[in-house]
Every structure is written in structure tokens, then in C-alpha cells.
Amino acid sequence: MSFHLPALDYGSMDPAPARYTIRIRGHLGAMVLSAFPALVPLRHGADTVLTGLLDRSALHGVLAEVDALGLELLEVRQLAPQRESPGSGERRSL
174 MSFHLPALDY GSMDPAPARY TIRIRGHLGA MVLSAFPALV PLRHGADTVL
224 TGLLDRSALH GVLAEVDALG LELLEVRQLA PQRESPGSGE RRSL
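Using this note's numbering, read the sequence shown as starting at 174 and increasing by one per residue.
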């Protein structure tokens, strides 16, 4: 007899988008970076860091693209939400 454990959030909608950084080994050229139009690239030492606002589906899509391109994924990190000071009305970017 086989059984399946229920998924914790099966059938639920993606949670709100969050800001992520994705570190990839090496410097990525323009052609490879074109596969990630929603992310901002930054060289950090010998690596490339891609940063952007992604929901869960988009994050999985980016990770699948990293794998399909044969890139070496070093780190995925969800950044803390940006906070605005009360009454400022201006948004700061990281």
C-alpha cells in the first residue's frame, strides 16, 4: 500500500512577491543575462548577483533557467522587506 503526504499549501495562490538575490558563479555575459529580464545583475567579486522582486512561481522559473543554462548556483536569499519611515512618502532602493 502506498500513500502520499498532503502538500501544505496545495492549491493555494502564490504568496506576495518578495525581493530575492541569486548568486551565480562567474561573470555572466549579456546573452545569458537576457534570460533574466526581471532581475538586475551586479558583479560581486568573481560572481554575478541577480536581484529582483519574484513570486514563488517566478523564483522557481528563474532557478529552472539557471539549471537549464548549466550555471553554478551558489546562493538564493530572500531579502527582508524594505521599510518606509512614517510620513516619508519616498521609497528607497537597496
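All C-beta atoms, glycine included, are put in the ideal place defined by N, C-alpha and C.
Beta-carbon spacing of residue i, residue j below 9 Å
| i | j | result |
| --- | --- | --- |
| His-217 | Arg-196 | yes |
| Leu-242 | Ala-208 | yes |
| Glu-245 | Gly-202 | no |
| Val-249 | Leu-212 | no |
Cβ-based neighbour list, residue i, same chain, cut-off 6 Å, excluding 5 preceding and 5 following
| i | result |
| --- | --- |
| Leu-215 | Val-222 |
| Val-239 | Leu-246 |
| Leu-267 | Only weak support exists for where Leu-267 lies, its pLDDT of 41 falling under 50; the value from the coordinates is given anyway. Result list for Leu-267: empty, nothing under 6 Å. |
| Leu-252 | Arg-192 |
DSSP beta-bridge partners of residue i
| i | result |
| --- | --- |
| Gly-225 | Tyr-193 |
| Asp-220 | Arg-198 and His-217 |
Close Cβ partners of residue i (< 8 Å) along its chain, the five nearest in sequence each way excluded
| i | result |
| --- | --- |
| Pro-254 | Ala-191 and Arg-192 |
| Ala-219 | Arg-198, Gly-199 and His-200 |
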